[in-house]
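One structure is given here, and the rest of the page talks about it.
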Amino acid sequence: MKFLTILLSTYIIFSQQDTEVYLFDYSNSKPLPILANPKNISNNPGYDNQPSFSENGKFIYFSSTRNGQTDILRFDIKNDKKKWISQTIGGEYSPQEISKNHLSAVRLDPDGKQLLYSYKIFRNHSKVLVENKKIGYYAWINSKELLCFVLGEPNSLQSINLKSNESILIDEIIGRSIHKIPNSKLMSYISKKTDSWSINSFDPVSKETSTIINTVEGSEDLTWTNNGVILMSDGNSLFSFHPGYDKDWKFVIDFKEFDLTNISRMSLDRGNNYIAIVAEAIKN
Numbered sequence: 000m001k002f003l004t005i006l007l008s009t010y011i012i013f014s015q016q017d018t019e020v021y022l023f024d025y026s027n028s029k030p031l032p033i034l035a036n037p038k039n040i041s042n043n044p045g046y047d048n049q050p051s052f053s054e055n056g057k058f059i060y061f062s063s064t065r066n067g068q069t070d071i072l073r074f075d076i077k078n079d080k081k082k083w084i085s086q087t088i089g090g091e092y093s094p095q096e097i098s099k100n101h102l103s104a105v106r107l108d109p110d111g112k113q114l115l116y117s118y119k120i121f122r123n124h125s126k127v128l129v130e131n132k133k134i135g136y137y138a139w140i141n142s143k144e145l146l147c148f149v150l151g152e153p154n155s156l157q158s159i160n161l162k163s164n165e166s167i168l169i170d171e172i173i174g175r176s177i178h179k180i181p182n183s184k185l186m187s188y189i190s191k192k193t194d195s196w197s198i199n200s201f202d203p204v205s206k207e208t209s210t211i212i213n214t215v216e217g218s219e220d221l222t223w224t225n226n227g228v229i230l231m232s233d234g235n236s237l238f239s240f241h242p243g244y245d246k247d248w249k250f251v252i253d254f255k256e257f258d259l260t261n262i263s264r265m266s267l268d269r270g271n272n273y274i275a276i277v278a279e280a281i282k283n
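As structure tokens, then:
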């Protein structure tokens with residue numbers, strides 16, 4: 000897959016900017032979290048994006064450019080080593096650990112076919128998880144259910160059961176950030192139905208949705224801390240909001256102090272000791 004490959008939809012383009020994945024030490028301090036000691040763990044020309052941690056917190060998986068194609072790379076935090084996971088004809092995006100030996104990822108093939116696959120780690124074996132749906136972004140509800148951004152006119156939020164092959168339309172005109180809300184059975188997603196975008200919750204049991212708060216204006220990338228705080232990026236800045244406690248967004252940090260800009264995707268490890276952040280280096 001070449002740079003600036005456009006998906007067969009008017010809604011989604013996997014941007015091929017010169018982004019890097021940075022790993023920060025993280026602390027859930029009060030009144031605001033602390034980020035320190037950034038390290039460029041991708042250090043690679045081209046597109047490096049969509050980081051996620053392994054369940055045990057030892058590894059970070061992300062999409063990385065190799066020979067003009069986007070593949071899955073694994074970074075070993077303790078040993079400071081990288082290893083390629085996927086070797087397919089397509090480009091992989093949004094890798095997430097399913098189990099100790101399996102990952103899921105969106106694959107875009109040269110012929111335009113785009114499906115969600117599972118991969119055996121280091122076994123060069125993959126299989127389709129969801130047939131006949133162009134999934135752009137997703138999060139696991141549990142081992143059998145997914146909450147997915149499905150490409151279409153308009154794009155939609157769908158709950159998909161892998162066991163029954165049932166899909167349920169939840170919402171339309173949504174953003175790319177879909178997450179589990181820690182210490183609850185709820186999920187979160189971004190609604191873009193109005194000019195004021197909102198972070199909404201979704202209950203997989205009742206199928207009900209509810210507004211949590213409007214996003215930082217024009218922003219859609221976020222992550223949740225394990226104590227229920229939302230972190231949201233906006234250009235050079237990071238903001239926080241604690242539902243049930245805060246009335247509005249709080250400024251946390253300006254990444255210019257680390258010579259970073261255009262902050263986008265973020266991911267925290269389960270213990271909240273590290274945060275992986277996608278950014279671009281400020282060129283002096």
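Under numbering that gives the first Met the number 0, the first residue of the sequence shown carries the number 0, and numbering increases by one thereafter. Beta carbons are placed, not taken as given, at the ideal position from N, Cα and C, and that holds for glycine.
Kindly list the residues whose CB is nearer than 7 angstroms to the CB of residue i, restricted to its own chain and excluding five residues on each side of it in sequence; keep chain order.
i: S205; result: none
i: M0; result: Here the model assigns M0 a pLDDT of 34, short of 50, so the residue's position is not dependable, and the following value carries that caveat. Counting only Cβ-Cβ distances below 7 angstroms, and skipping sequence neighbours, we find Q68, T69, G89, G90, L107 and P109.
i: S209; result: N199 and S200
i: L185; result: S200, F201 and D202
i: F238; result: V215, M231, W248, K249, F250 and V251
i: N271; result: Y25, N27, T224 and N225
i: E219; result: G174, R175, S176, I189 and W196
i: V149; result: K132, K133, I134, S155 and Q157
i: T87; result: R106 and S125
Using CA atoms only, rank isn't needed, just tell me which of the options is closest to residue i.
i: D24; options: T18, V105 and I40; result: I40
i: I212; options: W223, F240 and D233; result: F240
i: D110; options: G89, K132, L22 and K29; result: G89
i: D202; options: I169, D220, S232 and G217; result: I169
i: E207; options: Y273, R175 and L156; result: L156
i: K249; options: V129, E130, G67 and L230; result: L230
i: N175; options: N199, Y137 and I167; result: The identity of residue 175 in the sequence shown is Arg, whereas the question assumes Asn. Selected option, being the one with the closest Cα: Y137.
i: Y273; options: I76, V129 and N48; result: I76
i: A275; options: K282, S263 and I281; result: S263
i: G351; options: L221, G227 and F254; result: Given that the chain is displayed from residue 0 to residue 283, the structure contains no residue 351 and the question cannot be resolved.
i: I120; options: Q95, K132, E130 and W139; result: Q95
i: L115; options: R122, N100, C147 and S98; result: C147
i: V20; options: F61, N100 and W139; result: F61
i: L31; options: D47, V251 and I281; result: V251
i: S98; options: V105, Y92, W139 and Q49; result: W139
i: K29; options: I159, E256 and D245; result: D245
i: N48; options: V127, Y92 and K38; result: Y92
i: N43; options: R65, D220 and K126; result: R65
i: S53; options: D253, H101 and N131; result: H101
Once you ignore the five residues that flank residue i on each side, which residues in its own chain have a CB closer than 6 angstroms to its CB?
i: F74; result: I40, I59 and K81
i: I172; result: P153, K191 and K192
i: R269; result: G56
i: E216; result: none
i: S51; result: Y60, Q95 and S266
i: S197; result: S190, T210 and N213
i: G33; result: First, the amino acid is wrong: residue 33 is Ile here, not Gly. The residues are S26.
Look up residue i in the DSSP assignment and give the residues it is bridged to.
i: N213; result: S197
i: E256; result: According to DSSP, which records beta bridges pairwise, E256 is partnered with nothing at all.
i: G234; result: I262
i: E279; result: T260
i: S286; result: Outside the modelled stretch of the chain, which goes from 0 to 283, sits residue 286, for which no answer is possible.
i: W223; result: I229
i: S190; result: I173 and S197
i: K249; result: S239
i: Y244; result: According to DSSP, which records beta bridges pairwise, Y244 is partnered with nothing at all.
Might you give, ordered along the chain, the residues of its own chain that have their beta carbon closer than 8 angstroms to the beta carbon of residue i, omitting 5 neighbours on each side?
i: T9; result: Residue placement at T9 cannot be trusted, given a pLDDT of 32 that sits under 50; what the coordinates show is reported in the next sentence. The residues are E152.
i: W223; result: H178, K179, I180, P181, S187, I229, L230 and L267
i: H124; result: Y118
i: N261; result: Q16, T18, G234, N235, A278 and E279
i: D258; result: A280, I281 and N283
i: N36; result: F23 and D24
Compute every distance between the C-beta of residue i and the non-hydrogen atoms of the ligand ATP, then say whether any falls below 7 angstroms.
i: M186; result: Only the bare structure without any ligand can be found here, which leaves the ligand ATP out of the picture.
| message | Report the start-end ranges of each beta strand (DSSP E) in the region 21 to 109 that is 3 residues or longer and not cut off at the edges. | response | Unbroken beta strand (DSSP E) runs of no fewer than 3 residues, entirely contained in the region 21 to 109, are found at 33 to 39, 47 to 52, 58 to 65, 68 to 75, 80 to 83, 90 to 98 and 101 to 107, following chain order.
Self-check item: 3 or more residues per run - each beta strand (DSSP E) lying fully within the region 111 to 186
Solution: Complete beta strand (DSSP E) runs here, min 3: 113 to 119, 124 to 129, 134 to 139, 144 to 149, 155 to 160 and 165 to 171.
Problem set entry | Sufficient close CB pairs (3 or more, under 8 angstroms) joining the region 163 to 176 to the region 143 to 154 | Touching, per the Cβ criterion.
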